[in-house]
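Asker:
Residue numbers (the UniProt record's numbering): 1 to 150.
1) So within the region 81-132, which uninterrupted alpha helix (DSSP H) runs reach at least 4 residues, ignoring any that extend past its ends?
2) Give me the Cα-Cα distance between residue 12 and residue 47, rounded to the nearest whole angstrom.
3) Tell me, which residues are paired with residue 55 by DSSP?
4) With 16 other CB atoms within 10 Å as the buried threshold, where does residue 141 fall?
5) Rounding to the nearest angstrom, what Cα-Cα distance links residue 149 and residue 96 in this structure?
6) Does the distance from the C-beta atom of residue 84 to that of residue 117 stay below 9 Å?
7) Terminal residues of the continuous beta strand (DSSP E) containing residue 76?
8) How big is the Cα-Cα spacing for residue 37 and residue 22?
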C-alpha cells in the first residue's frame, strides 16, 4: 500500500448535485424548489419553531396557568426524630446545616412532627409546626417565641 494509491471506498463520496443549470439537466429553472413560497426564496427557507403558517400558534392559544413559589424550595423540613441525633441543648440553623440535616440550598428550616424525641432542645431561628412544638415542649425543651411557625 502506498499513499498515492489511497482512495475512498466505492460509494463513500458523492458528487454534489448541480442544480439550476438549464432544462436538459432535469433540475433547471426552479432548481427543485417548486414555485413561489418561502422555501423557494434564497435565504428564507427557515421558519421559527412554533410558527404555524400565520395561524395563531399553540403557545399563544392556550391560557397561562400555574405559579411556582420560590419560597417553597427555600425551606427545608427536618423530621422530629432526626433531632435526636444531635446533642441536647440549643439548636439553630447553623447546627442543623453542620449535622447535614438540611441541604446547602435551604435558607431556613422547619421542624415537622414525625417520630418522638427523648432529649431536651431549645430551637432558635428554626421554625416548627404546632405538633412539633408540643412534642419539643413535652420533652422539656422550648421553641423561641419569635421564630415559632404554624
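All C-beta atoms, glycine included, are put in the ideal place defined by N, C-alpha and C.
Answerer: So, to answer that:
1) 93-98
2) 32 Å
3) Its beta-bridge partners are 52.
4) buried
5) Residue placement at residue 149 cannot be trusted, given a pLDDT of 49 that sits under 50; what the coordinates show is reported in the next sentence. Looking at the two C-alpha atoms, the distance is approximately 17 Å.
6) yes
7) 75-79
8) 22 Å
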